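What follows is a set of notes on a single structure, which appears directly below.
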Amino acid sequence: MARTVKSTKAAIKTVNTLVESLRELVWTDLKTQYSSFEEMLRARIEGAEEAILDSSKGKLAIVAGIHVMRKDLEKSQRRFSRTNDVDELRAFLVDLADRIYRLRVANNKIVESLNAVVNPHLSAIEIVEKFASDIQRSAGTWERNGREIDESIHELCDDNEPAELGDLEHHIVKQGYGSLLESPTHSSSSEEN
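Residue numbering for the sequence shown follows this note's numbering, beginning at 8 and increasing consecutively.
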């Protein structure tokens, strides 16, 4: 039996509800995933920026310290050339070695912080890969909902002829009018042979 126009409209309304639901789901998923993507990128850039600026300041301080130590060494050498006081020169050099060691420790800390920037928990490439993977995972849900919409549309597209048409033809044949429904054969084609 064919669907009534009212039931067809109701079914189409249901399909439209499914479509709107899918639109909202996709939009919500995209906003959520994009928000997460932006946050991870922002954190990556801010963390790198801070470490790079700190390392730049630290390197400048180290270079400034080296210049001061070089001047102090030159002063100590001039003083030694005047006094020949080995103990004073030795004490200065021990102090200088300690200062150099502290600069190396500071430089190593800078290198470690830069290593964290160069080899982060999530690089920008990994953030993009995660975003794409999350979108793909969400797309699986979208596909299922799309399949449900297609199935609903398919159910509405009833391409079978109405049973009533077959019933009518059967009724005509049953009433003895079947021979009137048959196409007349052309006797001219059989006479030509």
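Glycine included, every Cβ here is placed at the ideal spot set by N, Cα and C. Values in this document were obtained by computation on a predicted structure and should not be read as measured data.
Residue i, buried or exposed, once every other Cβ within 10 Å from all chains shown has been counted against 16
i: S195; result: Any reading at S195 must be qualified, since the residue scores a pLDDT of 49, below 50, and its modelled position is unreliable; no value is offered.
i: I117; result: buried
i: I134; result: buried
Contact set for residue i: own chain, Cβ-Cβ below 8 Å, skip 5 residues either direction
i: R106; result: G72 and M76
i: G185; result: I179
i: L129; result: M47, R51 and K137
i: A17; result: none
Close Cβ partners of residue i (< 6 Å) along its chain, the five nearest in sequence each way excluded
i: V124; result: A55 and A58
i: E119; result: none
i: L158; result: Sequence check: residue 158 is Glu here, not Leu. Answer for E158: no residue qualifies.
i: S145; result: D36
i: L110; result: I69 and G72
i: A98; result: none
Cβ-Cβ separation, residue j to residue i (assumed contact under 8 Å), whole Å
i: L32; j: T148; result: 7 Å
i: L103; j: L80; result: 6 Å
i: I69; j: N114; result: 6 Å
i: L29; j: I156; result: 7 Å
i: I163; j: T15; result: In the sequence as presented, Ile is not what sits at residue 163; that position holds Leu. Sure, about 7 Å apart at Cβ, within 8 Å.
i: S62; j: L121; result: 5 Å
i: L25; j: N152; result: 7 Å
Residues of its chain near residue i, where Cβ-Cβ distance is below 7 Å and the 5 sequence neighbours each way are ignored
i: S83; result: L96 and F99
request  = Report the residue ranges of all alpha helix (DSSP H) runs contained in full by the stretch 21-59; include only those spanning at least 4 residues, in chain order.
outcome  = none
Segments of 4+ residues assigned as alpha helix (DSSP H) that fall wholly inside the stretch 150-181 = 170-181
query = Considering only residues of the stretch 68-131, which uninterrupted alpha helix (DSSP H) runs meet the minimum length of 4 residues and lie entirely inside it, listed in chain order?
reply = 93-125
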